[in-house]
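Add 1247 to the 1-based position in the sequence shown for the numbering used here, that's all there is to it.
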Amino acid sequence: MRKLGIVWMWAAWAAWAAFGLTGGASGQDEVSPLLKAIPRDVNAASVIRVRGLLDSPRGTREDWEGKSREQFLAGAAVLPPAAEVLIRASHLHPGQPDGSWSVALLKSAVPINMQQIAEREKSTVQDLHGSPAVLSPRNCYFVKLEETLIGVVSPAFRQTTARWVQELHSQQQPEFSTYLQEALTDSRPQVILAADLQDLFEPDFLKARVEAAPSLKGQTAVQARLSQVLGGLRGIRMAIHVEDLTMATLRLDFDAPLPPEATRLKGVLLDVMADAGSAIEEFESADGVVIGSSFQLTTELPDEALRRVVSLITAPHPAAASATVEVANNTQRGATAESRRYFQAVNRCLDDLQKASRKSGDQARIATWFETFGRKIDQLPTAGVDPELLAYGGSMSAKLQALGASLRGVQIEVNALQQAVTYNMHFQPGQVSAGWWSAGYQPNSYNVTSNLADVREKQATAVASGAKQRAEVWSMISQERDKVRQRMIEKYGVDLAVGR
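Shown next as structure tokens:
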């Protein structure tokens, strides 16, 4: 299995696009009371203050509260109507794509109805050490912790969930990483994603990654100083501020003041993001700045780039209960609001990925976006959605993940007649396995600590050879999208791809 880099694992840790907290004003007090519910051994966490986004100058001007809420904020996930703030935390190991487990916390303004959740998840309510719980077929547990507080643990390991519930009942104060606590309680940005990296990597591995950076080639003295600097790495965080513009700051924090040459960390960081297939082109034009013991890059994010960041967030969530609603007028034949939201969310994924593909000169740099959009489609709420649209979403997810594999050098086979794409998901084509933030590499592949340049060259060759197959997949996607859209128009008499 391919190993994701920690530099973008923060997004897998943070399923904040799927959960919401309601009530209260935006700020630190929304978050602090919930921190005691975060397990002590987490090393990654994030917060999104949805209310802060909706009330921002842009949110107010563009009416995110109304018509734009789902289209702009949701990306590949539908935010519950009452979503205000959410937290998600996880424990990750270097080289594991999704970590060992993650916990999300959802605060509601109204009592949690577990029976309703069970019915919509096609499951039952069970008792878990005194707390009502629902095992979802989407590989997670929903646990009612208080009258208006629900926890979501994924994957659905019963023992892990049960022990977390037991510890929660006895814990009064936050006991997890102080670095993460500092990040989560920063009330200035509306979105924060952070990871505690202290003592996570072997010094020799960090040194090897610095020496492999093309931007530092032949600069032995600078490489040595930066390797020493990285020995004091505390953590990484990304903060997104939305005012009149959407600004993102990517920041590395250290345990001591940084020397001036630490600005050269920009090249290393961007190399890692590219190797992991998670490049955000806007950071390339940002100037690296040293502020005390931190190095940071700040850039404006266009809407599609923000949605791509959101696409990395993966976790199931309880679908909100709602009655079947006719989408246009009383003459419509049962089309639901859920079907419309689902269809538009899938299509938004496709639109953003096509835009990213046209923009990126090096296709391998965006592989992660395809894989995470595919996973996010798999975890969209399905209750009330037309079965034909569910089949369409499953097909799109499979094709996007195949495109992601192709962009990592895996050869895919396209059968246009059967509209099928196949590939060996376990094959490792000698690619960069995890980027700078991973502590290991695929044993049967190239040794990335000494042959990174060779790995990049071989991967680029493999990616280029799959261009024809990727074009065929995109053609299949376009044809299937048009076919399903027309089918929904014939079925319901309304175009689900437009409007609300």
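No residue lacks a Cβ here, since even glycine has one placed at the ideal position from N, Cα and C.
Owing to the predicted nature of the structure, the values given are computational and were not obtained by experimental measurement.
What do you reckon, are the CB atoms on Leu1505 and Val1537 nearer than 7 Å?
yes
Can you tell which of Leu1517, Gly1482 and Val1515 has the C-alpha that lies nearest to the C-alpha of Ala1503?
Gly1482
Quick check on DSSP: helix, strand or coil for Thr1425?
helix
In angstroms, rounded to a whole number, what distance separates the CA positions of Phe1448 and Gln1733?
52 Å
Just to confirm, is the Cβ distance from Leu1492 to Leu1544 under 7 Å?
no
Is DSSP giving Trp1721 helix, strand or coil here?
helix
Where does the unbroken beta strand (DSSP E) through His1488 begin, and where does it stop?
Leu1480 to Val1489
Closer than 8 Å by C-beta to Arg1472: which residues in its own chain qualify, once you throw out the five before and the five after it? Chain order, please.
Pro1506 and Glu1508
Chain D within 7 Å of Cys1596, Cβ atoms only:
Absent from the structure is chain D; it holds one protein chain and no more.
Whole-angstrom distance between Arg1703 and Arg1612, CA atom to CA atom:
11 Å
Measure the Cβ-Cβ separation of Thr1615 and Gly1514 and say whether it is below 7 Å.
no
Helix, strand or coil at Ile1359 according to DSSP, with G and I counted as helix:
coil
How about Ala1584 and Leu1627: do their beta carbons lie closer than 7 Å?
no
Is Ser1712 near the ligand NAD, going by C-beta to nearest heavy atom under 6 Å?
Ligands in the displayed structure: none, and consequently the ligand NAD is not present.
Could you please give the first and the last residue of the uninterrupted alpha helix (DSSP H) stretch that includes Gln1475?
Thr1467 to Leu1477
For Trp1438, which of Asp1599, Arg1554 and Gln1610 has the nearest alpha-carbon?
Looking at the sequence itself, residue 1438 is Val, so the reference to Trp does not match. When each option's Cα is compared against that of Val1438, the closest is Arg1554.
Per-residue DSSP class, three states only, for Phe1617
helix
Which word fits Asn1576, buried or exposed, when buried means at least 16 other C-beta atoms lie within 10 angstroms of its C-beta?
In this predicted model, Asn1576 has a pLDDT of only 42, less than 50, meaning its place in the structure is not dependable enough to derive any value.
CA-to-CA distance, Arg1511 to Gly1313, given in whole angstroms:
43 Å
Three-state class that DSSP yields for Gln1658 in the structure shown:
coil
At 4 residues or longer, and completely inside the stretch 1359–1394: list those alpha helix (DSSP H) runs for me, N to C.
1361–1367
Helix, strand or coil for Asp1451 per DSSP?
helix
Report the rounded CA-to-CA distance for Ser1434 versus Ser1293, giving the unit in angstroms.
12 Å
Taking C-beta to C-beta, are Phe1452 and Gly1479 nearer than 7 Å?
no
According to DSSP, which residues form a beta bridge with Trp1348?
His1338
Suppose you measure from the CA of Ile1659 to the CA of Val1556; what does that come to, to the nearest Å?
26 Å
What are the start and end residues of the alpha helix (DSSP H) that includes Ser1532?
No alpha helix (DSSP H) holds Ser1532; DSSP gives it neither H nor E.
Excluding five sequence neighbours on each side, which residues of the same chain lie with their C-beta closer than 7 Å to the C-beta of Ala1533?
Leu1544, Thr1545 and Thr1546
Ser1219 classed as buried or exposed, judged by whether at least 16 other C-beta atoms fall within 10 angstroms:
With the chain covering 1248 to 1747 only, the question about residue 1219 has no answer from this structure.
For Arg1287, count neighbouring Cβ atoms within 10 angstroms of its own Cβ and tell me buried if that reaches 16, exposed if not.
exposed
If you reduce the DSSP assignment to three classes, tell me which class Trp1684 lands in.
Reliability fails at Trp1684, whose pLDDT of 31 lies under 50, so the model's placement of it is uncertain and no value is given.
So, at 6 Å on beta carbons, what are the nonlocal neighbours of Arg1728 in its own chain, with the 5 sequence-adjacent residues on each side left out?
none
Can you tell me the Cβ-Cβ gap for Leu1477 and Ser1541, rounded? I've got them flagged as a contact below 8 Å.
Wrong, their Cβ atoms sit about 13 Å apart, outside the cutoff.
Whole-angstrom Cβ separation of Ala1709 and Gly1656, contact assumed at under 8 Å?
3 Å
Does Pro1304 pass the burial test, meaning 16 or more other C-beta atoms within 10 Å, or should it be called exposed?
exposed
For Ile1624, which of helix, strand or coil comes out of DSSP?
helix
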